[in-house]
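Data first, discussion second: the structure below is written as structure tokens.
There are 2 protein chains.
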Amino acid sequence: MPKETQIIPTFSLQEAQKALENHIKNLNTEGKPTDLYAPIEYIMSLGGKRMRPLLVLLGYSLYDSEWKNAVAPAIVTEVFHNFTLLHDDIMDNAPIRRGQPTAHEKWNENTALLSGDLMLIKTYQWFSEAIPSDKFALILQLFNKCAIGVCEGQQFDMEFESRNDVKIEEYLEMIKLKTAVLLGFSLELGAILGGAKPFEAAQLREIGILAGIGFQLHDDILDVYADPKTFGKRVGGDITENKKTYLMLIALQKEKETQQNELQNWINKTEFDEKEKVKAVTELYNNLNIRALAEEKMNQYFEKSYQNLDNLSVKHETQKQFLKQFLMKIQERQK
Amino acid sequence: MPKETQIIPTFSLQEAQKALENHIKNLNTEGKPTDLYAPIEYIMSLGGKRMRPLLVLLGYSLYDSEWKNAVAPAIVTEVFHNFTLLHDDIMDNAPIRRGQPTAHEKWNENTALLSGDLMLIKTYQWFSEAIPSDKFALILQLFNKCAIGVCEGQQFDMEFESRNDVKIEEYLEMIKLKTAVLLGFSLELGAILGGAKPFEAAQLREIGILAGIGFQLHDDILDVYADPKTFGKRVGGDITENKKTYLMLIALQKEKETQQNELQNWINKTEFDEKEKVKAVTELYNNLNIRALAEEKMNQYFEKSYQNLDNLSVKHETQKQFLKQFLMKIQERQK
Numbered sequence: 010m011p012k013e014t015q016i017i018p019t020f021s022l023q024e025a026q027k028a029l030e031n032h033i034k035n036l037n038t039e040g041k042p043t044d045l046y047a048p049i050e051y052i053m054s055l056g057g058k059r060m061r062p063l064l065v066l067l068g069y070s071l072y073d074s075e076w077k078n079a080v081a082p083a084i085v086t087e088v089f090h091n092f093t094l095l096h097d098d099i100m101d102n103a104p105i106r107r108g109q110p111t112a113h114e115k116w117n118e119n120t121a122l123l124s125g126d127l128m129l130i131k132t133y134q135w136f137s138e139a140i141p142s143d144k145f146a147l148i149l150q151l152f153n154k155c156a157i158g159v160c161e162g163q164q165f166d167m168e169f170e171s172r173n174d175v176k177i178e179e180y181l182e183m184i185k186l187k188t189a190v191l192l193g194f195s196l197e198l199g200a201i202l203g204g205a206k207p208f209e210a211a212q213l214r215e216i217g218i219l220a221g222i223g224f225q226l227h228d229d230i231l232d233v234y235a236d237p238k239t240f241g242k243r244v245g246g247d248i249t250e251n252k253k254t255y256l257m258l259i260a261l262q263k264e265k266e267t268q269q270n271e272l273q274n275w276i277n278k279t280e281f282d283e284k285e286k287v288k289a290v291t292e293l294y295n296n297l298n299i300r301a302l303a304e305e306k307m308n309q310y311f312e313k314s315y316q317n318l319d320n321l322s323v324k325h326e327t328q329k330q331f332l333k334q335f336l337m338k339i340q341e342r343q344k
Numbered sequence: 010m011p012k013e014t015q016i017i018p019t020f021s022l023q024e025a026q027k028a029l030e031n032h033i034k035n036l037n038t039e040g041k042p043t044d045l046y047a048p049i050e051y052i053m054s055l056g057g058k059r060m061r062p063l064l065v066l067l068g069y070s071l072y073d074s075e076w077k078n079a080v081a082p083a084i085v086t087e088v089f090h091n092f093t094l095l096h097d098d099i100m101d102n103a104p105i106r107r108g109q110p111t112a113h114e115k116w117n118e119n120t121a122l123l124s125g126d127l128m129l130i131k132t133y134q135w136f137s138e139a140i141p142s143d144k145f146a147l148i149l150q151l152f153n154k155c156a157i158g159v160c161e162g163q164q165f166d167m168e169f170e171s172r173n174d175v176k177i178e179e180y181l182e183m184i185k186l187k188t189a190v191l192l193g194f195s196l197e198l199g200a201i202l203g204g205a206k207p208f209e210a211a212q213l214r215e216i217g218i219l220a221g222i223g224f225q226l227h228d229d230i231l232d233v234y235a236d237p238k239t240f241g242k243r244v245g246g247d248i249t250e251n252k253k254t255y256l257m258l259i260a261l262q263k264e265k266e267t268q269q270n271e272l273q274n275w276i277n278k279t280e281f282d283e284k285e286k287v288k289a290v291t292e293l294y295n296n297l298n299i300r301a302l303a304e305e306k307m308n309q310y311f312e313k314s315y316q317n318l319d320n321l322s323v324k325h326e327t328q329k330q331f332l333k334q335f336l337m338k339i340q341e342r343q344k
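Sequence lines, in order, name chains A and B. Terminal number for the first sequence in my numbering: 344, no gaps in between. Terminal number for the second sequence in my numbering: 344, no gaps in between.
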């Protein structure tokens with residue numbers, strides 16, 4: 010793997026991010042009633058890594074160097090992602106998003122629900138305006154499949170909360186749907202817009218899905234092991250809420266194998282001191298070597314993603330390394 | 010206006026309804042997780058007049074006699090309409106829909122919200138499958154505009170509940186957006202699919218919008234003056250909830266002109282006997298001749314709709330009379 014200094018990509022990430030933020034600022038999100046439209050601008054302006062539109066630009070640049078042509082459709086993936094956040098936050102009763110009040114807190118649940126509906130409609134409207142007509146039918150078909158998957162993943166995630174028999178394969182399928190398919194679609198969208206053939210674009214989708222599953226596993230690990238000073242939210246939140254993360258599921262499996270039930274007891278407790286529970290479960294994870302096992306799984310997904318990428322022939326090979334570096338940053342990030 | 014026996018339409022309404030119900034039964038609404046998909050089948054099977062898909066078929070038959078070709082796209086307007094019902098029922102906290110528990114009562118709010126999102130995505134997916142590719146871009150553009158209008162109308166409606174200065178023109182604009190644009194789009198969609206030129210289809214949209222405003226005004230009147238035995242829901246519900254209907258707004262205007270405030274006093278009361286309030290406000294409406302004024306307004310919209318329809322030249326003139334009869338049934342219906 011060449012170092013970053015050794016390759017000269019078509020554009021820098023900073024340059025791309027600047028173009029994306031600029032486009033977001035100029036999105037036409039005005040309309041009446043004001044309270045229906047204001048949450049769209051609000052949630053879009055809260056920031057974030059803009060990972061999905063960056064993947065569109067990176068996928069595009071594998072086949073065409075005029076990456077700025079893909080900025081408008083790229084942003085639409087971010088609009089769709091933010092629609093899911095708006096509705097997920099209602100469903101999760103979440104008060105805070107990126108350090109700011111969630112839309113349903115700032116306005117109210119009904120307004121946030123309806124603004125979300127509008128954002129989903131805008132997703133289709135803006136895609137139809139930003140995508141060349143000869144590519145629109147294919148992309149719409151792929152996007153619909155992706156969007157349906159995201160809904161299925163969110164429903165599985167909610168159902169898992171009250172289930173005690175979630176299998177690890179079920180969990181991996183859930184995070185694939187809820188998180189990874191949109192990352193996969195983003196790469197695929199970029200590739201198609203750049204001129205990739207459908208089968209090449211489909212390979213990029215798989216590369217994005219593999220990295221996306223790794224990304225979500227990393228999130229699970231960080232929720233327990235991140236530095237509380239820089240994490241931005243409470244470390245151990247998943248533990249407190251008995252979230253069936255990969256870490257919890259393999260720990261439960263190990264307990265079952267050794268006929269122990271310390272973790273299960275913590276899960277069953279309805280009254281507990283949060284800090285005490287997080288500390289005890291983290292220690293239990295440490296004793297069972299859970300972090301290393303989760304990292305191993307995560308790295309497997311990323312490695313498989315890189316392997317598929319390495320095996321793919323693209324028009325601009327330098328950009329392939331640039332994409333790989335981007336995925337490695339996701340793999341190595343410390344929140 | 011010829012009587013129904015004098016014209017021989019391409020198809021009977023019964024025949025059309027049967028084809029629609031049959032298509033709804035065969036919609037592929039299966040998938041996993043089951044609870045995400047089940048509410049779609051549930052709400053679609055609750056029945057209703059299927060007014061929107063019937064308008065698609067009627068619009069289509071003005072230009073082409075093979076009306077069965079339009080059944081599949083017609084159903085999608087009903088899917089979209091039912092998506093709005095699913096989300097509206099959450100927002101209105103409604104326990105009952107067509108005599109059955111609403112989806113959020115039968116499952117839960119989160120599931121109903123997410124199933125609604127899925128139905129909106131399915132709307133786009135099924136449109137893209139049912140509409141010929143050469144007409145898809147135009148129809149998508151028209152549909153997006155319609156769907157955005159429906160969201161705007163719903164938000165206006167919610168905001169009017171807590172406003173005491175709603176103007177009659179604002180109210181008419183709200184019901185145009187919330188109810189009428191989808192009826193207009195349905196006629197337009199049918200016309201385009203049947204082979205109408207875009208400007209002819211746009212005239213049919215206007216005809217549908219005018220009838221749609223009339224339809225909503227009729228709903229307002231029925232809420233006060235329907236026969237309680239056949240109405241299916243509580244008569245006077247709008248009065249109890251201080252809904253700013255056309256009747257209430259003109260009554261308030263008349264009170265203002267004569268410097269009375271009986272109605273305003275009823276609106277301001279936080280504690281009251283529901284029956285007493287409905288009786289008092291209805292009497293007040295009677296004294297002010299509100300029903301006749303509302304019917305006059307409603308009839309104006311329908312008349313204007315018929316006038317535009319009469320002036321429109323279409324390929325199958327007989328079907329024009331058939332459409333007019335259908336709109337007249339909406340005008341004259343007794344719930």
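Just so it is clear, CB atoms sit at the ideal spot from N, CA and C, and this is done for glycine as well.
Near chain B, meaning a CB-to-CB distance below 8 Å, the residues of the segment 36-69 of chain A are G40, K41, P42, D44, L45. Partner residues in the beta bridge of Q109 of chain A, as assigned by DSSP, are A:R106. Burial check for F281 of chain A: the Cβ neighbour count within 10 Å stays below 16, so the residue is exposed. I177 of chain B is positioned such that its CB atom lies no closer than 8 Å to that of I299 of chain B.
Using a CB distance cut-off of 8 Å, H90 of chain B does not count as an interface residue toward chain A.
Look at G199 of chain A here: in three-state DSSP terms it is helix. When 9 Å is used as the limit between beta carbons, S195 of chain A is near no residue of chain B, the shortest such separation being about 17 Å. Only C160, E161, Q163, Q164, F165, M167, E168 from the segment 159-186 of chain A bring a Cβ to less than 8 Å from some Cβ of chain B.
Considering only A:T19, A:K338, A:D236, A:K131, the residue with the shortest C-alpha distance to S70 of chain A is A:T19. Of all C-beta pairs linking the segment 256-271 of chain A to the segment 317-328 of chain A, fewer than three are shorter than 8 Å, placing the two stretches out of contact. Scanning chain A for C-beta atoms nearer than 9 Å to the C-beta of I201 of chain B yields nothing, as the closest lies near 16 Å away.
Per the Cβ contact rule, the segment 184-201 of chain A is in contact with the segment 214-230 of chain A (3 or more Cβ pairs under 8 Å).
Comparing alpha-carbon positions, the option among A:F335, A:N270, A:L297, A:L127 lying closest to E50 of chain A turns out to be A:L127. If you compare the alpha carbons of A:N91, A:Q309, A:L272 with that of P62 of chain A, the shortest gap goes to A:N91.
Per DSSP, reduced to three states, the secondary structure at P82 of chain B is helical. With 16 or more neighbouring CB atoms inside 10 Å of its own CB, D232 of chain A falls in the buried class.
Taking the CA atoms as reference points, K253 of chain B sits about 15 Å from K278 of chain B. A156 of chain A reaches chain B at I130, counting residues in chain order whose Cβ is nearer than 8 Å. A contact between stretches requires three or more CB pairs, one per stretch, nearer than 8 Å, and the segment 35-47 of chain A meets this requirement with the segment 118-126 of chain A. Contact fails between the segment 266-278 of chain A and the segment 235-246 of chain A, because fewer than three Cβ pairs, one in each stretch, are under 8 Å apart. Counting only runs of 4 or more residues that sit fully inside the segment 243-267 of chain A, the alpha helix (DSSP H) segments are 246-249, 255-266, in chain order.
In the three-state scheme derived from DSSP, where H, G and I count as helix and E and B as strand, P237 of chain B is classed as helix. DSSP, read as helix, strand or coil, puts P18 of chain A in coil.
In the DSSP annotation of this structure, the continuous segment of the alpha helix (DSSP H) that includes P48 of chain A starts and ends at 43-53.
Assigned with DSSP and collapsed to three states, D73 of chain A falls in coil, not helix or strand. At a cut-off of 8 Å between beta-carbon atoms, H96 of chain A makes contact with chain B. At a beta-carbon threshold of 9 Å, the residues of chain A lying near I99 of chain B are E118, N119, L122, ordered along the chain. Using a CB distance cut-off of 8 Å, N251 of chain A does not count as an interface residue toward chain B.
In this model, I184 of chain A and A139 of chain A are separated by some 29 Å (Cα to Cα).
When the five nearest sequence neighbours on each side are left out, the beta carbons in the same chain lying within less than 7 Å of the beta carbon of R59 of chain A are those of Q26, L29, E87, in order along the chain. DSSP, reduced to helix, strand and coil, places I230 of chain B within a helical segment of the structure shown. In the displayed model, D166 of chain B falls within a helix according to three-state DSSP. Contact between A220 of chain A and E209 of chain A does not hold, since their C-beta atoms are separated by about 17 Å, which reaches or exceeds 8 Å.
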